[in-house]
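Just below is one structure, and these are the notes that go with it.
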Amino acid sequence: MTTTHSDHEGDERQSGNGPSLAVDEKIDFHHPFTPYDVQLQFMQTAYDVLETGDGQVGILESPTGTGKSLSLICAALTWLRNHKRSQYEATFSTVAEAMRCEPDWMVETALRRKREELSRKWEEREAQLEKMRQRERAMEERGRGAKRQRLGDTESSSGLRGKGTREVDEEAEFLIHDWDEAGGVAGDEDDPLSQLSRETRDLLEKVGLGFAKKSGLDEEGVVEDEIKIYYTSRTHSQLTQFIAELRRPAFPPSIPPALVSPNQAEEGDNKPDAEIVKQVPLSSRQKLCINPSVSRLGSLSAINDRCTELQQSKSNQKCSFMPNAENLKQTHQFRDTVLARLPDIEDMHRIGKQLQVCPYYASRTAIPGAEVITLPYPLLLQKSAREALGIKLEGNVVIIDEAHNIMDAVANVYAAEIRLSELRRARQMLGVYVRRFGKKLKGENRVMVAQVGKVVESLSEWLDGTLKVKGEQGIADTNTLLKSRGADQINLYKLIRYIQESKLAYKVESYVSHTEEQGDSSAPQTKTSSSSPVLHTLVSFLTALTNLSNEGRVFHEKLPFTPGTPPDIKLSYLLLSPTHAFSSIAASARAVILAGGTMSPFEDYKAHLFPTLPPSKITTLSCGHVIPASNLCVWTLASTRPATTAAGPSSTIQASNPADAFEFSFQRRSDRAMVRQLGLALLNMCAVVPDGVVVFFPSYGYLDEVVGIWQSPDPDSSSRGGETIWARLSAKKTVFRESKGGSSDEVLQSYSQAILSPPAEGAIKSTPRGALLLSVVGGKMSEGINFSDRLGRCVVIVGLPYPNINSPEWKARIEYIEATALSRAQAETNGAGPQAQAAAKQAARDFYENACMRAVNQSIGRAIRHQGDYAAIVLVDRRFGTERIRGKLPAWIRGGMVEGSEGRGLQGLMGALSGFFRGKRESVGAGGAGG
1 MTTTHSDHEG
11 DERQSGNGPS
21 LAVDEKIDFH
31 HPFTPYDVQL
41 QFMQTAYDVL
51 ETGDGQVGIL
61 ESPTGTGKSL
71 SLICAALTWL
81 RNHKRSQYEA
91 TFSTVAEAMR
101 CEPDWMVETA
111 LRRKREELSR
121 KWEEREAQLE
131 KMRQRERAME
141 ERGRGAKRQR
151 LGDTESSSGL
161 RGKGTREVDE
171 EAEFLIHDWD
181 EAGGVAGDED
191 DPLSQLSRET
201 RDLLEKVGLG
211 FAKKSGLDEE
221 GVVEDEIKIY
231 YTSRTHSQLT
241 QFIAELRRPA
251 FPPSIPPALV
261 SPNQAEEGDN
271 KPDAEIVKQV
281 PLSSRQKLCI
291 NPSVSRLGSL
301 SAINDRCTEL
311 QQSKSNQKCS
321 FMPNAENLKQ
331 THQFRDTVLA
341 RLPDIEDMHR
351 IGKQLQVCPY
361 YASRTAIPGA
371 EVITLPYPLL
381 LQKSAREALG
391 IKLEGNVVII
401 DEAHNIMDAV
411 ANVYAAEIRL
421 SELRRARQML
431 GVYVRRFGKK
441 LKGENRVMVA
451 QVGKVVESLS
461 EWLDGTLKVK
471 GEQGIADTNT
481 LLKSRGADQI
491 NLYKLIRYIQ
501 ESKLAYKVES
511 YVSHTEEQGD
521 SSAPQTKTSS
531 SSPVLHTLVS
541 FLTALTNLSN
551 EGRVFHEKLP
561 FTPGTPPDIK
571 LSYLLLSPTH
581 AFSSIAASAR
591 AVILAGGTMS
601 PFEDYKAHLF
611 PTLPPSKITT
621 LSCGHVIPAS
631 NLCVWTLAST
641 RPATTAAGPS
651 STIQASNPAD
661 AFEFSFQRRS
671 DRAMVRQLGL
681 ALLNMCAVVP
691 DGVVVFFPSY
701 GYLDEVVGIW
711 QSPDPDSSSR
721 GGETIWARLS
731 AKKTVFRESK
741 GGSSDEVLQS
751 YSQAILSPPA
761 EGAIKSTPRG
771 ALLLSVVGGK
781 MSEGINFSDR
791 LGRCVVIVGL
801 PYPNINSPEW
811 KARIEYIEAT
821 ALSRAQAETN
831 GAGPQAQAAA
841 KQAARDFYEN
851 ACMRAVNQSI
861 GRAIRHQGDY
871 AAIVLVDRRF
881 GTERIRGKLP
891 AWIRGGMVEG
901 SEGRGLQGLM
911 GALSGFFRGK
921 RESVGAGGAG
931 G
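Numbering (UniProt numbering), first residue to last: 1 to 931.
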């Protein structure tokens, strides 16, 4: 395993036993700016991981504000273009090797022809894309032109081909088509497009959307299936930011300079020195659908079902935007425009509307010629989603950004839950549907619909019984969930496949919605709109039940009582380990890079995502920051008073009085005296820290408890007229507080205005300076929010936010990790001795502690967002002074830690903060005078 560490003070590099960083090779990464040392180190490490290949994994940490995304782009695209050029050269070597027995003139002729062929194809492709770029620029100059109108009013208004306004034919619209287990509804279940009609699939093959046939080049000249970089991040906004960054650097052509045609080389200035990156963003139908009759359905599952329903061969209406023989030209134009433009999702939707062709399906024609594919987490992490989109990871590169939450993301993709109220509504909806169509259901349909009803009844009875038992939550025995009504004899795999292929969920919910619109009194009087697709929810939960039993658990939890509604309870499925779900990615890709601003501690990623990889296959890097050392002050406030040093060689630091120590453990955190001391410490900090101070607490509940103590009269505050700590804080700074159900945007806007707005004329000196924001680790303010410059001059972390280890979910996680660690240790040592058991318990403790520290590190990362930024970070808890906890902080935080701060108390902190911010004021003043 290669482990590289760099602090923010210099260019020092340390490496383990893996491949070296090769820093002397001076690769030009084509960075649009002069990169910092830490950026060069990051790019070189990422490049080496990709070059090594063969399943190599890189876990790379670069603090927010160090240009991580741009560094990833420059490293990955530089490697890709170099790799492509080397492949071209390898092609010539292969030709020469195959003709080694032939005369030299024949070999030279063959090589020249090969060069001319490859050069011609590349130049024709680039010319074609340049033509599309010029066309797009011309359209932009004309205000993007008038929107292209399709012939026929019914098509433009509804997106459907077929009859115009008509009475709803209930049987044609809502009755399930004939289904049988062998053939399903539409064909081969292994085909990602099997839910479409045979005619539609044939047309998709023709326009390059089929996945069964592969050829070197299609008729329009786009290269088929070159090596690709799959880049994924958590949200569409993060992907949009990445694409904006992707437009900034310029990379040399993917073809060797020697292959440029003689005619083009003679033109001098026209010789290409850059080639635009070909990038395709992928997304769901919910983001890309341009058919108004489908996109208005709202929920993803309803849109998916309606879209595929419109492609069924028995459907009397078709979606007019689907790629077909009539719009083949527009489909190819869509593909070329996408490859020419570096579009984001909004651009894809706009281009599709302009050309009147479906972006969701037409985007697949651009995949073979793309170099970079951007997509959100769920489309990459779920194997079924990859197959549906035709994504092949074999031999390609996977880059996962914002990867600090990748294990949670995997768990969320496979999570599912269902409520008793939803099951009751599902039962009502099935009843309405069967009363209308029951006699028309034939053979297998009648049997399968009855089985769906049995499953709903069995789950309902189990939840109804559990609702009457004492206890708020617990682990459900999956063997008992389907025990009543004979549901345990039902083949769930077959039932799930039936619901998906027959579109039962969509048809039942659409019919019930239709009867409600018609004012039918027999329709359920509860909400049944597509925004709450209960039968789709049922399918998701049943799918979760079919996962490997040892890697997931089902929990039950009673929901808070709402006046006017019956008591409710839910079942939820939790994936305990991401190992199996992530293994298909790790085993397929040429290389995988996990990158993030706060990846520390690294151990969990190795143990739970790549448990079988040898150390030599994993490279880790923790970069320093781009700021100078003088811009960061990190302090551990372990107690209010200075500590004493114990005698002896260890010189351990101990609180002079244990009552003075800050320890916000579950056992001690309700100590009112300690909470008041925290308030007084914060009051002192607010007196010297300018502008914004952000404080992170372990939970919303504890924040409420602390505020309650601060707002209550202080028994020792008689000398101040009985003024509360809360009132004194409000006099120093305007105080804002994050609430669990409140709007974070409104709080953030008010907080920003209090700091950035100039003081009112005639404001008295006692007017609060800046603002204080009380937030929660893991809350809305702890991730994705930018507290740069004046918004975050000081970040305070109160306590260690350990999860509730007594919750059923965490009990199950700990038990699972202990069991898997024990079995692994037994396999290695051929026995179950005390050492193996101790190692298993330690693995569980590490996982628990690492979850806490990842959340802490993410909150700390809200400050220091660029090279000129500066801030103080105060860690309030004696446990932050231990080596075990400190070792799990990011390298740049450890590098900025004031040595011995945990023993110097509040007085030492105030001295350090005063000196730190005084120095900043003086440096700003000196800079202003000098300017």
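Quick reminder that beta carbons are idealized off the backbone N, C-alpha and C, glycines included.
Contact belief for residue i with residue j at Cβ below 8 Å, rounded distance in angstroms
| i | j | result |
| --- | --- | --- |
| residue 345 | residue 236 | 6 Å |
| residue 874 | residue 632 | The pair is not a contact, with the Cβ atoms about 12 Å apart (cut-off 8 Å). |
| residue 889 | residue 850 | At roughly 12 Å, the Cβ-Cβ gap does not stay under 8 Å, so residue 889 and residue 850 are not in contact. |
| residue 425 | residue 534 | 5 Å |
| residue 863 | residue 839 | Not quite, the Cβ-Cβ distance comes to about 37 Å (not below 8 Å), so this is no contact. |
| residue 695 | residue 772 | 7 Å |
| residue 809 | residue 844 | Not a contact, Cβ separation roughly 14 Å. |
Nearest candidate by alpha-carbon position, reference residue i, set the options
| i | options | result |
| --- | --- | --- |
| residue 824 | 305, 348, 252 and 612 | 612 |
| residue 546 | 534, 609, 478 and 578 | 478 |
| residue 725 | 441, 623 and 711 | 711 |
| residue 329 | 365, 298 and 341 | 365 |
| residue 458 | 446, 440 and 427 | 427 |
| residue 376 | 866, 506 and 240 | 240 |
| residue 699 | 103, 775, 172 and 311 | 775 |
| residue 729 | 741, 693 and 111 | 693 |
| residue 116 | 256, 854 and 51 | 256 |
| residue 111 | 121, 124 and 97 | 97 |
| residue 95 | 108, 83 and 84 | 108 |
| residue 114 | 126, 132, 131 and 91 | 91 |
| residue 74 | 89, 88 and 32 | 32 |
| residue 50 | 238, 865 and 398 | 398 |
| residue 679 | 876, 916, 887 and 70 | 876 |
| residue 513 | 173, 28 and 915 | 173 |
Contacts around residue i, its chain only, beta-carbon distance under 8 Å, and the 5 residues preceding and following it disregarded
| i | result |
| --- | --- |
| residue 148 | Residue placement at residue 148 cannot be trusted, given a pLDDT of 42 that sits under 50; what the coordinates show is reported in the next sentence. Hits under 8 Å: 354, 355 and 356. |
| residue 649 | The pLDDT assigned to residue 649 is 36, lower than 50, so where the model puts this residue is not dependable; a value taken from the coordinates is nonetheless given after this. Counting only Cβ-Cβ distances below 8 Å, and skipping sequence neighbours, we find nothing. |
| residue 349 | 287, 288, 290 and 359 |
| residue 932 | Lying outside 1 to 931, the shown extent of the chain, residue 932 is not represented and no answer is given. |
| residue 461 | 484 and 485 |
Chain-order list of residues whose beta-carbon lies under 6 Å from that of residue i (same chain, five-residue window excluded)
| i | result |
| --- | --- |
| residue 575 | 411, 414 and 552 |
| residue 572 | 417 and 555 |
| residue 722 | 713 |
| residue 536 | 301 and 505 |
| residue 892 | 8, 63, 624 and 625 |
| residue 151 | Only weak support is given to the placement of residue 151: the predicted model assigns it a pLDDT of 33, under 50, and the value that follows is read from those uncertain coordinates. No residues qualify anywhere along the chain. |
| residue 223 | Caution is warranted here: a pLDDT of 48 is assigned to residue 223, below 50, making its placement in the model unreliable, and the coordinate value is therefore given only provisionally. Result list for residue 223: 369, in chain order. |
| residue 885 | 879 |
| residue 85 | 256 |
Start-to-end residues for the alpha helix (DSSP H) that takes in residue i
| i | result |
| --- | --- |
| residue 453 | 443–467 |
| residue 79 | 68–98 |
| residue 414 | 406–414 |
| residue 679 | 672–688 |
| residue 512 | 504–517 |
| residue 44 | 37–52 |
| residue 131 | 104–141 |
Own chain partners of residue i with C-beta closer than 7 Å, once the 5 adjacent residues on each side are dropped
| i | result |
| --- | --- |
| residue 267 | With a pLDDT of 45 at residue 267, under the threshold of 50, the modelled position of this residue cannot be trusted; read the value that follows with caution. So no residue of the chain qualifies. |
| residue 219 | Because the pLDDT of residue 219 is 46, which lies under 50, any placement of that residue in the model is unreliable, and the question is left without a value. |
| residue 280 | 338, 363, 366, 367, 370 and 373 |
Run of the beta strand (DSSP E) containing residue i, from where it starts to where it stops
| i | result |
| --- | --- |
| residue 277 | Residue 277 -> no beta strand (DSSP E), and no H or E assigned at all. |
| residue 555 | 552–558 |
| residue 622 | 618–622 |
| residue 636 | 632–637 |
| residue 474 | 473–476 |
Test: residue i CB closer than 9 Å to a CB of chain C
| i | result |
| --- | --- |
| residue 433 | No chain C is present in this structure, which holds just one protein chain. |
Contact test: residue i Cβ vs the ligand NAP heavy atom, cutoff 8 Å
| i | result |
| --- | --- |
| residue 247 | What this structure holds is no ligand at all, so the ligand NAP is not there to describe. |
Point to revise | Every unbroken alpha helix (DSSP H) within the segment 732–787, with a cutoff of 4 residues, ordered by chain | key: 744–756
Practice item. Starting from the N-terminal side, write out each stretch of the beta strand (DSSP E) that is 3 residues or longer and does not extend beyond the segment 808–891. Key: 871–876
**Study point:** Those runs of the alpha helix (DSSP H) which lie wholly inside the segment 332–405 and span at least 4 residues
**Key:** 345–355, 359–362, 377–381 and 383–389
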